[in-house]
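Below: the structure, in structure tokens.
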Amino acid sequence: MASPPGPASALKLTGAQDAPAPDFIPPMLATPVDATFNSADWLFEVKWDGYRVESVVHDGKARIWTRNRKDAATYFPDLAGPAPWIQASDAVVDGEVVALDEQERPSFSRLQERTGLRGLEIATGRRRPDAKPLSREERAAIPLVYWAFDLLYLDGQSLLNVPLEERKTLLRSVLKPHPMVHFAPHVESDGEAFLEAARQQELEGIVAKRRDSVYEPGRRSRAWLKIKLRREQELVVIGWLEGEGTHKDLGSLVVSVNVDGHLHHAGQVGSGIDTRTRRELLASLRAIERSDPPIDPAPRLPRVHWVQPRIVIRAEFAEWTRDGLIRQAAFKGIEIGKDPAAVVREDAGPVRRVLGDRRTPPPVSSPARGAGPPKATTASRTGSRSAKKATPAAGTVDEGPLEATKQELAALDTFEQAGVLQFGGEAVRVTNLDKELFPADPARKLPAFTKRDLIRHYVSVAPTLVPYLRDRGVTVLRLPNGVGRPGFWQKDLPGHAPPFVQRWTFHHSHEGPKIYPVVDRVATLAWLAQEGAVELHPWTSPGDHPDQPSYALIDIDPGVETTWDEVLVLARLFRNI
């Protein structure tokens, strides 16, 4: 484990800024990957099997929040109020609340016992008439620990731009001994041995964090990576099925995830629900029952009851099917403080694509002016006098494949309207494949051009297109309902963007920070086509030098009487400038 720090007064914090005390900071999220690694550039922590909680201390008193800013004191009253556990007047601490089993290991099932399924009451607005708070003795029988793993603000200074290792050193120095609040330790460099130790102790997994990573509020970052030992997924409940025998009233839960901002059926979860939870679930579901399905298209299911999509659960499962359904799913518990609209499918991407062959993010090099397409590079945090205005997301990824295989492209024609495509190991969920984007042109004998056609076109031209896009941000014109309907320009990457999409952040003086997609692989082009992005407008400058364009664009708008030959003359003159 890391050695204890010196006194806080001796610390010289890089990037700390004077700032008023915030009421809440949206949590930074980790990107799931499929394997661990060893690297001197990374720290490794336990992935705690509990609930993410942010503690905001003002004048020595703590308010605690779930990750979507719901009052966590509803669930963990012992953590709210006076904060003798921290040597600070004002602070913001990020951490996770876990319940411990008899072997002092995190236990999500015991955490459910401790919270008393309060998540159902909050989600449905239904107060159980027989609900009673746990007694002091009952709470003591299920001890809770708040593992504090990050410090975001301290007594007048924002620490968001301070490197992680310095934030953790400061956090450890200001935490006081307390029976409930503990510093979350880490190991340095040796992620492979750490994951094996987690496996032997039957823990959920580990989290890898770049030592120099800044805190990115509300963003899923590649500077933090989570490696799970068991596959797990958050799911939105959209209904239930009647069962047989003792489970006649509630046989299984019908669940969903968000795809492109809309809920899609993700299968059923029936096993793992104990009798008490099954009874509480059924009562809560009946309170939010509705006559029509909350998704379109809706699956054809026997004896189904639809509900308003308010309840989020956790489930362990074996795999995703080709049709986007979970297999062999087992109920794990009720999620608290999770917005159903934010529940998306989590796929663990190949760690090699995040880290590169050397297991560290590769640097960027700016293409020489006039040297043809940019080199296949990613963005860098340094080396630019504009670094304060333009910064890529921490933990940038290596280059993805430039070309799809014949099998990957052929899979596009195997789906009727929706499915999951694979490009270079990245999963791209596609929907409404036969939606018409460009109308037919009978005069030119051209058929209608659908979303399926746009995906095929983008994927086919990727080997030529990606080298010109892969090191710079892109603004897109999205026309999801076709060119004949209103569309919109999009700079900021939507929250439902898959984790393989590279990000680049630019701090506009008049708009604030915008996160642009970077097209560095076939899968990103396919996803943009799925989004209805019919125009891609890249920056003329690379991400590491946003103030140094590598080429210029000249828009020639000929009049109605201008001939094609005259346009060519003008174009050649511009080319010789």
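Going by my numbering, the first residue of the sequence shown is number 1230, and it counts up by one from there. Glycine included, each C-beta is placed from N, C-alpha and C at the ideal position.
About 26 angstroms separates the beta carbons of alanine 1437 and phenylalanine 1253, which is beyond the 8 angstroms limit, so they are not a contact pair.
The Cβ atoms of proline 1255 and proline 1728 lie no closer than 8 angstroms to each other. Rounded to the nearest whole angstrom, the C-alpha separation of arginine 1551 and leucine 1650 is 9 angstroms. Residue pairing by DSSP places tyrosine 1375 opposite Val1326, Val1410 in a beta bridge. For leucine 1510, the uninterrupted alpha helix (DSSP H) segment begins and ends at 1504 to 1516. Within the model, the alpha-carbon separation for glycine 1653 versus glycine 1385 is close to 46 angstroms.
Taking 8 angstroms as the cut-off, the beta carbon of proline 1767 is found closer than this to the beta carbon of tyrosine 1697.
Leaving aside the five residues that flank alanine 1426 on each side, none in its chain has a CB nearer than 8 angstroms to its CB. Within a 10 Å sphere around the beta-carbon of threonine 1243 sit fewer than 16 other beta-carbons, which makes this residue exposed. Here tryptophan 1793 is exposed. Its C-beta has fewer than 16 other C-beta atoms within 10 Å. Assignment of beta-bridge partners to leucine 1383 by DSSP yields Ala1320, Gln1386. Secondary structure in the region 1758 to 1805: the alpha helix (DSSP H) runs of 4 residues or longer, each lying completely within the stretch, are 1793 to 1804 in chain order. Excluding residues up to 5 positions away in sequence, Thr1769 lie with their Cβ nearer than 8 angstroms to the Cβ of leucine 1782 in the same chain. Closest option to leucine 1329, judged by alpha-carbon separation, among Arg1343, Asp1319, Ser1318, Gln1316: Arg1343. DSSP places alanine 1544 in the strand class (E or B) of the three-state scheme. Between leucine 1470 and glutamine 1430, the CB-CB gap reaches or exceeds 8 angstroms.
For histidine 1491, the uninterrupted beta strand (DSSP E) run begins and ends at 1491 to 1498, by DSSP. Here DSSP, grouped into helix, strand and coil, assigns glutamate 1655 to strand.
Across the set Ile1684, Val1690, His1736, Gly1788, the C-alpha of Ile1684 shows the shortest separation from the C-alpha of leucine 1757. Per DSSP, reduced to three states, the secondary structure at valine 1751 is helical. In this chain, the beta strand (DSSP E) harbouring glycine 1562 covers 1559 to 1563. The C-alpha of proline 1408 is placed about 16 angstroms away from the C-alpha of arginine 1334. Isoleucine 1315 sits in a strand when the DSSP states are folded into three classes. Contact between histidine 1494 and isoleucine 1517 does not hold, since the beta-carbon distance rounds to 18 angstroms and is not under 8 angstroms. The Cβ atoms of valine 1484 and valine 1466 sit closer than 8 angstroms to each other. Across the set Val1533, Lys1477, His1491, the C-alpha of Lys1477 shows the shortest separation from the C-alpha of arginine 1508. The Cβ atoms of valine 1583 and arginine 1451 sit closer than 8 angstroms to each other. Glutamine 1719 sits in a strand when the DSSP states are folded into three classes. Around alanine 1317, the same chain offers Val1286, Leu1383, Asp1384, Val1403 as residues with beta carbons nearer than 7 angstroms, after the five sequence neighbours per side are excluded. Straight-line measurement puts the Cα of threonine 1704 at about 17 angstroms from the Cα of histidine 1725. By the neighbour-count criterion, in which a residue is buried when 16 or more other Cβ atoms sit within 10 angstroms of its Cβ, tryptophan 1718 is exposed. With a cutoff of 8 angstroms on beta-carbon distance, leucine 1722 and isoleucine 1744 are scored as near each other.
Around the beta carbon of phenylalanine 1803, fewer than 16 other beta carbons lie within 10 angstroms, which makes this residue exposed.
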